[in-house]
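A.B. asks: Numbering (the numbering used here), first residue to last: 32 to 257.
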Ligand SMILES: *Cc1c(COP(=O)(O)O)cnc(C)c1O
């Protein structure tokens, strides 16, 4: 029951944030982040209407994948090693963490081999934190311009992880800069569709929504601290 309660609360907070920004709440999709959460508990969340799950580790994803209903939409949100690409291609709806050229090439190769188009987001390390993966704001545009030429790979938008903070207002500029980058890319001649802005986690998703997020990745606020 706690899961249901938490889901209701998160949904309400998403609605309120959308309204504050004069946006339609339906525009905002929630990915329930299930790292360290058992398949048993995840099933409960699915029963209460969750349809998108996010995992950050390939190993854990592969373990849960066969245990959960086939209609589940999986998102890979964590750092992806090149040698693990083969294992996830065709199984995940969206990879949020494309952060280097060798990975783009490997995803392209694996997608072509499987006769699919892999949908990906480019991860941007907006704040330039050393502990985080992702391209810098300065690199992202040229990188995306190159990736559009790779077959089997479809860049659908951008993702960022904001620095940890107690006061989410402090990271508002991070979200704003990612949105600005998406606008720049859309209005350039690159030809990449910036459909998704994946930004906002349990501690900062309301601010992210106010700044234009349409994919929020929420773990703790649904499943509790682990
Ligand atoms: C764990 C994780 C989240 C969710 O974080 P919470 O603070 O628990 O909501 C979101 N994005 C990524 C990339 C994560 O690894």
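Think of the CB as a built atom: it goes at the ideal place given N, C-alpha and C, for glycine as much as any other residue. Note that the structure is a prediction, hence the values are computed from the model and not measured.
When you measure from the CB of residue 87 to every non-hydrogen atom of ligand 1, does any distance come out below 6 Å?
C.D. replies: Residue 87: yes, Cβ under 6 Å from ligand 1.
A.B. asks: Please determine whether the Cβ atom of residue 232 lies at a distance below 6 Å from any heavy atom of ligand 1.
C.D. replies: Flag set: Cβ of residue 232 near ligand 1.
A.B. asks: Run through DSSP, which three-state label would residue 253 get?
C.D. replies: Note: residue 253 maps to helix in three-state DSSP.
A.B. asks: Please name the residue in 92, 175, 246, 101 whose C-alpha comes closest to that of residue 224.
C.D. replies: Checking every option, the nearest Cα to that of residue 224 belongs to 175.
A.B. asks: Buried or exposed: which applies to residue 191, given that a residue is buried once 16 or more other Cβ atoms fall within 10 Å of its Cβ?
C.D. replies: The residue is buried, with at least 16 neighbouring Cβ atoms inside 10 Å.
A.B. asks: Using the rule of at least 16 other Cβ atoms within 10 Å of the residue's Cβ for burial, across every protein chain shown, is residue 185 buried or exposed?
C.D. replies: Label assigned to residue 185: buried.
A.B. asks: Near residue 96, what residues of its chain come up, given a Cβ to Cβ distance below 8 Å and the 5 sequence neighbours on each side ignored?
C.D. replies: Closer than 8 Å at Cβ, skipping near neighbours: 105, 122.
A.B. asks: Regarding residue 249 and ligand 1, is the C-beta to nearest heavy atom distance less than 6 Å?
C.D. replies: Answer for residue 249: yes, Cβ within range of ligand 1.
A.B. asks: Extract the residue ranges of the alpha helix (DSSP H) inside the segment 71-146, only unbroken runs of 4 or more that lie entirely within it.
C.D. replies: Correct list: 89-95, 116-119, 132-144.
A.B. asks: Flag this pair as touching only if the segment 72-82 and the segment 99-116 have three or more C-beta atom pairs under 8 Å; answer yes or no.
C.D. replies: These segments touch.
A.B. asks: Does the distance between the C-beta of residue 64 and the nearest non-hydrogen atom of ligand 1 fall short of 6 Å?
C.D. replies: Under cutoff, so the answer is yes.
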